[in-house]
Amino acid sequence: MNTNYMKVSLLCISCLLCVAVSTYYFTLRGGLHLDESLSLILSSYSDYGWTKVFTNENVTGSQLRQLVWFGDTSISGTANAIINLWIDNRDSPHSNLYYSALRLWFVGFDVNQEPYNFMWRAFYLNLLLVVGCCYLLFNVTFKLFKNAILSSILVVLAICNDVSVSNVIYLRPYLLQTLLVFAYIYSTISILQDFRIKKTVTFKYALSTSLALLSGYFAIIFVAILGSFSLAIAFHNFNKKDVLKFCYSYLPFTAVLSFLIYPPYFFVFGNRQEEAVSKLGSVWENIISSANSVDIWGNAFAFPLTSCAFSIVLALFHYFKVKDNESRLRISIQISLLVSAILWMLLVEFFAPYKTARYIYPVIPLLAISLGIIWQVICTYSRMIGMSYILLMSAACLFTSFSGRNVEYLYPDREYDCSRFHNEKVAVVTSQPWALAVSTECFDSTTRYSLFNSMEYVDYGKFDFIISEIDLPDNKDVKLVSNRVMYAYKMYKVIK
Numbered sequence: 002m003n004t005n006y007m008k009v010s011l012l013c014i015s016c017l018l019c020v021a022v023s024t025y026y027f028t029l030r031g032g033l034h035l036d037e038s039l040s041l042i043l044s045s046y047s048d049y050g051w052t053k054v055f056t057n058e059n060v061t062g063s064q065l066r067q068l069v070w071f072g073d074t075s076i077s078g079t080a081n082a083i084i085n086l087w088i089d090n091r092d093s094p095h096s097n098l099y100y101s102a103l104r105l106w107f108v109g110f111d112v113n114q115e116p117y118n119f120m121w122r123a124f125y126l127n128l129l130l131v132v133g134c135c136y137l138l139f140n141v142t143f144k145l146f147k148n149a150i151l152s153s154i155l156v157v158l159a160i161c162n163d164v165s166v167s168n169v170i171y172l173r174p175y176l177l178q179t180l181l182v183f184a185y186i187y188s189t190i191s192i193l194q195d196f197r198i199k200k201t202v203t204f205k206y207a208l209s210t211s212l213a214l215l216s217g218y219f220a221i222i223f224v225a226i227l228g229s230f231s232l233a234i235a236f237h238n239f240n241k242k243d244v245l246k247f248c249y250s251y252l253p254f255t256a257v258l259s260f261l262i263y264p265p266y267f268f269v270f271g272n273r274q275e276e277a278v279s280k281l282g283s284v285w286e287n288i289i290s291s292a293n294s295v296d297i298w299g300n301a302f303a304f305p306l307t308s309c310a311f312s313i314v315l316a317l318f319h320y321f322k323v324k325d326n327e328s329r330l331r332i333s334i335q336i337s338l339l340v341s342a343i344l345w346m347l348l349v350e351f352f353a354p355y356k357t358a359r360y361i362y363p364v365i366p367l368l369a370i371s372l373g374i375i376w377q378v379i380c381t382y383s384r385m386i387g388m389s390y391i392l393l394m395s396a397a398c399l400f401t402s403f404s405g406r407n408v409e410y411l412y413p414d415r416e417y418d419c420s421r422f423h424n425e426k427v428a429v430v431t432s433q434p435w436a437l438a439v440s441t442e443c444f445d446s447t448t449r450y451s452l453f454n455s456m457e458y459v460d461y462g463k464f465d466f467i468i469s470e471i472d473l474p475d476n477k478d479v480k481l482v483s484n485r486v487m488y489a490y491k492m493y494k495v496i497k
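So the sequence shown is residues 2 to 497, counted in my numbering.
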């Protein structure tokens, strides 16, 4: 069989499988996370749900979503929003990249549709991104191990596990960050395996670095770690003067491109950055939290800690055993990538404001490299045993990490929560913009709703129920009937 044909076929099969698994889990989703609603709000550059709430309005669910999520999906409206996002995206931990892409993706969208149509439209962008992730990861692993079958297996293991699936179905910037980090890794490997001082090469590498840096503040740490390893590898394998000459043009290019793509990025200090710096005041507590985050790895791969440690030891042993420079270069890159991923995840979980998987989504798939390293060393003795090992580990991952038990953001009870809002005799009281963002998906398109920001505007005689984000005391007018509606509200029955 033609080698290129086989490679393309395996890549396509891997991509289709990853898309199918991700789509299946997205069909199980009952609703949106608060931050996903904020993605729509920020990309449309709406004030409602971000800084504003409704004072005293009577609108349909469709009209509400046009004010909060998207009201103008024309080319001119989109261009205006993208310009505003370039000036200030209003979300300091992230740049304008994802929000601009999401805004472009909604060009021509019919804003009168139901909430799930908004969800699916945004998810189709994620499907495009995950295909890009599969393509890049396949080529990264192929550069590292020179085996298309292994690359296809590693792609499936890396993308179809519970943690990575959660990343794909989560409508936030993390999947784009994953794609841009993979692009940076691919560019780094390409530079190290074919070092040339050319303006086009320098520009492409500077662009991939800029985009990775702009994908989220924590990505800066990853670029710094892998960049340091790459510089050491380059000094060891190439002429030091040539390496320095490359850096003298590459670094200014990167700085200029980063500034041009999103000027405020390195000059804004927001709440999330303050929270990260504050972690320095509780070092021991955060070291423990960082170590405990290793449990997240187990939701993605079978025996991840053992595999990573064993693979690094084997790779070092293999490095000193082989004699040719090409193999040694490849092994040094493998070790650098795996160690960079591990260090980055531990550091991120140390500084992260919340100890959740989302902050380390972008490099979780790189743990698959440990399986490739072990396969590589085993294959020097027996290729059959090497493939048997990969198949065995694939089966172990299938039973431990592909269970679906740890897939996040499904919200199976959301339909019931939202059904509380489906009544024209309900007054909705929201004083906080984030609470409005939470409930935006719940309003029926054709039903008219009365929305207030204070109880002073509510005429009790006109309503049967009040859904309020503001706590109301039981009295002669209202009685509490549910203390949790959409995790932001409480529901009260009007006593008549």
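A virtual CB, placed ideally from N, CA and C, is assigned to each residue, including glycine.
For a cut-off of 8 Å, the C-beta gap from leucine 437 to tyrosine 49 is around 7 Å, short enough to register as a contact. Nearest Cα to proline 94 within the set Thr441, Leu215, Ala256 and Leu399: Leu215.
The alpha-carbon separation between valine 166 and leucine 181 amounts to approximately 17 Å. By the 16-neighbour rule on beta-carbons within 10 angstroms, asparagine 326 is exposed.
Contact between the region 246-259 and the region 364-380 is absent, with fewer than three C-beta pairs closer than 8 Å.
Runs of the beta strand (DSSP E) lying entirely within the region 424-460 and spanning at least 3 residues, in chain order: 427-430 and 449-453. Separation of the CB atoms of threonine 179 and serine 231 is rounded to 20 Å, and the pair is thereby denied contact status at 8 Å.
Around the beta carbon of tyrosine 450, a 10 Å sphere encloses 16 or more other beta carbons of the protein chains shown; the residue is thus reported as buried. If you check the CB distance, valine 408 and isoleucine 468 do not come in under 8 Å. For leucine 317, there are no CB contacts under 6 Å within the same chain when 5 residues up- and downstream are skipped.
Restricting attention to Ser455, Asn484, Val459 and Thr441, the CA atom closest to the CA of phenylalanine 119 is found in Thr441. Shortest Cα-Cα distance from valine 439 to any of Tyr412, Asn476 and Met456 involves Tyr412. Under the DSSP assignment, glutamate 115 falls outside any beta strand (DSSP E); it carries neither an H nor an E label.
Secondary structure of leucine 212 (DSSP, three-state): helix. Here the alpha carbon of aspartate 296 sits roughly 43 Å from the alpha carbon of aspartate 111. The region 96-108 makes contact with the region 256-271: 3 or more CB pairs, one atom from each, lie closer than 8 Å. Put simply, the region 394-402 does not touch the region 461-475. Fewer than three CB pairs are less than 8 Å apart. A direct Cα-Cα distance of roughly 16 Å separates phenylalanine 55 from phenylalanine 422.
For valine 22, same chain residues with a beta-carbon under 7 Å away, outside a window of 5 residues either side, are Cys161 and Val166 in chain order. Counting C-beta pairs with one atom in each stretch, the region 8-16 and the region 152-159 have three or more that are closer than 8 Å, which means they touch. By the criterion of at least three beta-carbon pairs nearer than 8 Å, the region 135-146 is not in contact with the region 74-81. Judged by beta-carbon spacing, methionine 492 lies beyond the 8 Å limit of aspartate 418, meaning their Cβ atoms are not closer than that value. Around the CB of valine 224, 16 or more other CB atoms lie within 10 Å, so the residue is classed as buried. The beta carbon of leucine 212 sits closer than 8 Å to those of Leu98, Leu181, Ala184, Tyr185 and Ile262, all from its chain and outside the five residues before and after it, given in chain order.
In terms of Cβ geometry, asparagine 113 and tyrosine 100 do not form a close pair [threshold 8 Å]. If you compare the alpha carbons of Ile170, Val340 and Gly133 with that of glycine 31, the shortest gap goes to Ile170. The Cβ neighbour count for arginine 485, taken over all protein chains shown within 10 Å, is under 16; the residue is labelled exposed.
Remark: C-beta atoms of threonine 201 and phenylalanine 254 do not approach each other more closely than 8 Å. Counting only residues of its own chain and dropping the five nearest sequence neighbours on each side, tryptophan 87 has a CB closer than 7 Å to the CB of Asn97 and Tyr263.
Take alanine 489, set aside five residues on each side of it, and the residues of its chain with a beta-carbon closer than 6 Å to its own are Ala436, Val439 and Glu470, in chain order.
Here glycine 299 has Pro305 as same chain residues with Cβ atoms under 7 Å from its own Cβ, once five neighbours each way along the sequence are excluded. Across the structure, leucine 35 and leucine 126 are spaced so that their CA atoms are roughly 19 Å apart. Only residues of its own chain outside the window of five on either side were considered, and among them Val164 and Ile297 have a CB closer than 6 Å to the CB of alanine 358, listed in chain order. Around the C-beta of aspartate 472, fewer than 16 other C-beta atoms lie within 10 Å, and the residue is accordingly described as exposed. Burial is judged here by how many other beta carbons sit within 10 angstroms of a residue's own beta carbon; glycine 109 has fewer than 16 and is exposed. The three-state secondary structure of leucine 481, taken from DSSP, is strand.
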